[in-house]
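In our numbering, the protein residues as written are 424 to 594.
Listed below in structure tokens is the structure:
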């Protein structure tokens, strides 16, 4: 009797993508995006969202200088980037995605986060990616505090439930 190995079949390509495009404190959510969509089409959708009335203040705040206001006239005024990761952790660098290639050719995940890199209006050079990412899980911060409090010593304090100290001296 032969033993069967339980190899996992390769993951199928997603039928639709949910793409988040981030810059500064703004997130543009594109849902139901086909894997055949080109990066250029995503750039056009991002540009449309950035040109909406609600984004006017953002464009003023991200301009290189008050005299050099960032004007987004075409999708060539920005690039979409993917965050580089090493062992699952962000490295702080970004790779510009080829606008002529499709989402599936870049191997983007079903729930991918991309970042906008604007072009300087005068020099046409790419400006650095600027983004503020919220904490993914507040529990991570709590765990970090727990580790710090238990590492202080084995004096019995900090273990178990904490009780509030009530004092009759307060008046």
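Even for Gly, the Cβ is constructed at its ideal location relative to N, Cα and C.
Subject >> Cβ-based burial, residue 548 [other Cβ within 10 Å; buried from 16] >> reply: Looking up residue 548 in the chain shown gives position 125. Classification for residue 548: exposed.
Original post:
So what's residue 532 in DSSP terms, helix, strand or just coil?
Top reply: Within the chain shown, the letter at position 109 stands for residue 532. Three-state DSSP puts residue 532 in coil, outside helix and strand.
**OP:** Take residue 508 as the anchor and find which of 537, 440, 533, 444 has the nearest alpha-carbon.
**Re:** Numbered from its first residue, the chain shown carries residue 508 at position 85. Of 537, 440, 533, 444, the residue nearest in Cα terms is 537.
Original post:
DSSP state of residue 548, grouped into three classes?
Top reply: Counting from one through the chain shown, the residue named residue 548 turns up at place 125. Three-state DSSP puts residue 548 in coil, outside helix and strand.
Subject >> Whether residue 498 touches residue 466 by CB criterion (8 Å) >> reply: Your numbering for residue 498 matches position 75 in the chain shown. Your numbering for residue 466 matches position 43 in the chain shown. Closer than 8 Å, so yes.
Original post:
Under the three-state reduction of DSSP, which class applies to residue 575: helix, strand or coil?
Top reply: Residue 575 sits at position 152 when you count from the first residue of the chain shown. The pLDDT assigned to residue 575 is 32, lower than 50, so where the model puts this residue is not dependable; a value taken from the coordinates is nonetheless given after this. Look at residue 575 here: in three-state DSSP terms it is coil, with no helix or strand label.
Original post:
Taking DSSP as the reference, what is the three-state secondary structure of residue 467?
Top reply: Numbered from 1 along the chain shown, position 44 holds the residue referred to as residue 467. Under the three-state reduction of DSSP, residue 467 is assigned to helix.
**OP:** Kindly indicate which residue of 528, 449, 553 has the alpha-carbon position closest to the one of residue 461.
**Re:** Locating residue 461 in the chain shown gives position 38, counting from the first residue. Comparing Cα-Cα distances from residue 461 to each of 528, 449, 553, the minimum goes to 528.
Subject >> Contacting residues, own chain, Cβ-Cβ under 6 Å from residue 597 (five flanking each side not counted) >> reply: Because the chain is modelled from 424 through 594, residue 597 falls outside the range shown and cannot be assessed.
Original post:
Going along the chain, which residues of its own chain have a beta-carbon closer than 7 Å to the beta-carbon of residue 514, five neighbours each way excluded?
Top reply: For the purposes of this step, residue 514 is taken as the residue at position 91 of the chain shown. Closer than 7 Å at the Cβ level, and outside the excluded window around residue 514, lie 507, 508.
Original post:
In whole angstroms, what is the alpha-carbon distance linking residue 494 and residue 469?
Top reply: Within the chain shown, numbered from 1, the residue matching residue 494 stands at position 71. Within the chain shown, numbered from 1, the residue matching residue 469 stands at position 46. Answer to the nearest angstrom: the Cα atoms are 14 Å apart.
Original post:
Are there 16 or more other CB atoms within 10 angstroms of the CB of residue 473, so buried, or fewer, so exposed?
Top reply: Position 50 of the chain shown holds residue 473. Around the beta carbon of residue 473, 16 or more other beta carbons sit within 10 angstroms, so the residue counts as buried.
**OP:** State the DSSP-derived secondary structure class of residue 472, mapped to helix, strand or coil.
**Re:** Within the chain shown, numbered from 1, the residue matching residue 472 stands at position 49. DSSP places residue 472 in helix when its eight states are reduced to three.
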